[in-house]
Amino acid sequence: MKELKTIIESLLFVSDIPLSIKKMKELLDDVSEADVAAAVRELVDEYSRREGGVFLAEVAGGFQFRTADISTPWILKLRGGRPASLSQAALETLAVVAYRQPVLKSDIEQVRGVDVSAALKGLLEKNLVRVVGRKDVPGRPIMYGTTKRFLEVFGLKDLSELPTLRELNELEEEEPFD
Amino acid sequence: MKELKTIIESLLFVSDIPLSIKKMKELLDDVSEADVAAAVRELVDEYSRREGGVFLAEVAGGFQFRTADISTPWILKLRGGRPASLSQAALETLAVVAYRQPVLKSDIEQVRGVDVSAALKGLLEKNLVRVVGRKDVPGRPIMYGTTKRFLEVFGLKDLSELPTLRELNELEEEEPFD
Amino acid sequence: MNGAPIGGISGVMDYRIKLDIFEGPLDLLLYLIRKNEIDIYDIPISMITEQYIAYLDAMKSLNLDLAGEYLVLAATLLHIKSRMLLPVHEEEGAEEEDPRAELVRQLLEYQAFKEAALDLNNRKLLDRDLFARQEPVDDIDDDGDSPIREVGVFELVKAFQRVITERGGDFTMEIDTETMSLSQRVSEILDLLNEKRTLTFDELLGREFNRRSVVFTFLALLELMKMRVARAFQQAPYETIRIYLAVELEGTEDHEGAENDY
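Chains as they are written, first to last, in my numbering: chain A, 6 to 183; chain B, 6 to 183; chain C, 1256 to 1517.
Here it is in structure tokens:
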């Protein structure tokens, strides 16, 4: 039964939602619900006796690994500092700024076909985009460009290291010989 | 120090990417890197001795909880997907990038004797390979290298853990032609 | 379909199965060397060339797309074969290289990487042989100071391409490395102007005085003037050229919906 317990522990570990005894029984072949329940019980006891950073809790009709209360402040700190991914809108706006800089907001909107105020604001806050100047035309519109931080995030020495569309298209060619 | 170990265990448990000793030290206040390293070591040993469904692996410059081999078929069943695998073309291309980085597309093609556009694009999309810069020669071609994700997926601590290329060494030693 | 003899078909099918597993001409050649148990340092070129070409013929007869690389290697083999037939002049060029040397080097190198690929594949791969916990679904985005998840320039250029293609052909302006070098220079000049308010052309050039940097600095300046971002003044011919921002950045209250500290 050691093996059953090992497999159940792995399943509980990788699952992002609580797993019920019934669900686990379905996944495992030729095992009774009683056997699954017994193995789960053993795991619950083991982790509880151990008093480590993780324990197995019975929640929402199933079982799930949870962290110890004592760790909560640090987990929040880890999560808070978790790298956020750029949204599609942000990435596209950033791409237009990067390849067309110095560029006006109206230029970006013309290329993307949508209002980019929110995306641009987010990029300015993240310090990926900055104001680089104003144009001497009516309204004196602001021009945007990328920052040093942008180069750092994307691991570039300077803008000329950005791949070009032609280079991207070359990679997309699949059968160059026919 | 029991408390430190508990918190570290929780942090490693909730993180979806390997955590380095340095990163953990930053999250925890007033703790030395040596203390963090010692606690992590203890956890690695504990999980290894226990031989359960989870163990703590050292990968990509950090530590990460991973599941035991024995559980793989059932996890795949739970996740309901096919296992991620790479084609032979992708693996060969990846091998050349890993050992020769920073490397040009033309260098990879020289070694493999075929066009590698599609394979390279697939690896870029899987985030196993990245653009690392341009080479300072006419045309300034793009240079490629491997990512942190590559180390994570292949379970390598760092690039120096890659085995040496056997036959190449042999060739250089023997010099059968001159 | 004509009535080809059964043996012929199965022979051809045999080739076909093999061809599917070859990763290219070098792979096919390595296979032939192994199949014939040949010493890689002493390849009988005539025999191997014959077999190699037989495989290519089989490919053609099956109407398989024959990648050009296969033909290039066939030509190389034939060339080596002809060089091997030439008499060796022992007296003059005793140090003459074996015509097969370069090919052998290439084969050994490829073989080494093939092994390395196998080693990689034999490792315990994440999401194939073992698993970690998956990324939590709650994606905290748009928190000003949170770090940014590792994203490569490949994704950036793809995003740009997506934008361009979605908007049709009116933005297909070619962007090459020269354009980006120019953008880089423009951004540097704007930095300097924002900091110092005015500069001479010489100051712009700085100490880096190669032809390339002079040309790009000049082009970048023209670009900025054309865009009406910078102005240049010269008191008299041959005098120092002074460059100013066309519009001062300070006191700009209108930030077009994008609050920031610049």
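Here a beta-carbon is modelled for each residue, glycine too, at the ideal position from N, C-alpha and C.
- Here A:I147 is buried. Its C-beta has 16 or more other C-beta atoms within 10 Å.
- Between the segment 143–162 of chain A and the segment 1449–1457 of chain C there are fewer than three C-beta pairs closer than 8 Å, too few to call the two in contact.
- Note on geometry: alpha-carbon atoms of A:Y52 and B:A95 lie some 42 Å from one another.
- Within chain C, the residues placing a beta-carbon under 8 Å from that of B:G118 are G1279, P1280, L1281, D1282, E1324, L1328, Q1361 and Y1365, ordered along the chain.
- Just measuring C-alpha positions, the residue of A:E38, A:F68 and A:D35 sitting nearest A:D50 is A:F68.
- The beta carbon of A:S165 sits closer than 8 Å to some beta carbon of chain C.
- Cβ-Cβ separation between C:Y1310 and B:G118: approximately 15 Å, too far for a contact (criterion under 8 Å).
- Burial check for B:D120: the Cβ neighbour count within 10 Å reaches 16 or more, so the residue is buried.
- Looking at the DSSP output, B:V136 bridges to B:Y149.
- For C:A1367 and B:T98, the gap between their C-alpha atoms comes out near 12 Å.
- Judged by beta-carbon spacing, B:E38 lies beyond the 8 Å limit of B:K28, meaning their Cβ atoms are not closer than that value.
- Comparing C-alpha distances from A:I22 to each of A:T77, A:V108, A:E8 and A:R71 shows the shortest one belongs to A:R71.
- Annotation: B:I113 to B:R135 spans about 14 Å, alpha carbon to alpha carbon.
- When secondary structure is reduced to three states using DSSP, C:Q1366 falls in the helix class.
- Contacts between A:K140 and chain C, judged by CB atoms closer than 9 Å, involve M1482, R1483, V1484, A1501 and V1502 in chain order.
- Here the alpha carbons of A:A43 and A:K10 stand approximately 9 Å from one another.
- When beta bridges are read from the DSSP output, A:G67 appears opposite A:V64.
- Taking 8 Å as the cut-off, the beta carbon of A:L176 is found closer than this to the beta carbon of B:S122.
- Residue state for C:I1288 is assigned as helix, using DSSP reduced to three classes.
- Between the C-alpha atoms of C:T1495 and C:Q1489 there is a straight-line separation of about 6 Å.
- For C:I1496, there is no enclosing alpha helix (DSSP H); the enclosing beta strand (DSSP E) has its first and last residue at I1496 to L1500.
- Among the bridge pairs identified by DSSP, C:F1488 is matched with C:R1497.
- The DSSP-derived three-state label of B:V121 is coil.
- Rounded to whole angstroms, the Cβ separation of C:A1475 and C:I1444 is 6 Å, and the two are in contact under 8 Å.
- By the criterion of a C-beta distance shorter than 7 Å, C:I1335 is surrounded in its chain by I1300, P1354, R1355 and L1358, once the five residues flanking it on both sides are discounted.
- Within the model, the alpha-carbon separation for B:S90 versus C:V1470 is close to 49 Å.
- With respect to the C-alpha of C:S1438, the residue from A:V102, A:V59, A:L133 and A:K110 having the closest C-alpha is A:V102.
- Residue pairing by DSSP puts B:V108 in a beta bridge opposite B:Y149.
- Taken through DSSP and simplified to helix, strand or coil, B:T72 comes out as strand.
- For B:A73, the chain A residues whose Cβ falls inside 9 Å of its Cβ are T11, I12, E14 and S15, in order along the chain.
- Listed along chain C, the residues sitting closer than 9 Å to A:T169 by beta-carbon distance are V1412, E1429, I1430, D1431, T1432, T1434 and M1435.
- The Cβ atoms of A:K82 and B:L48 lie no closer than 8 Å to each other.
- A:L167 is positioned such that its CB atom lies no closer than 8 Å to that of C:Q1416.
- Proximity to B:V45 across B:R84, B:V64, B:I13 and B:R87 peaks at B:I13, based on C-alpha coordinates.
- Assignment of B:V36 by DSSP, reduced to helix, strand and coil, places it in the coil class.
- Taking all protein chains shown into account, B:L61 has 16 or more neighbouring C-beta atoms within 10 Å of its C-beta and is therefore buried.
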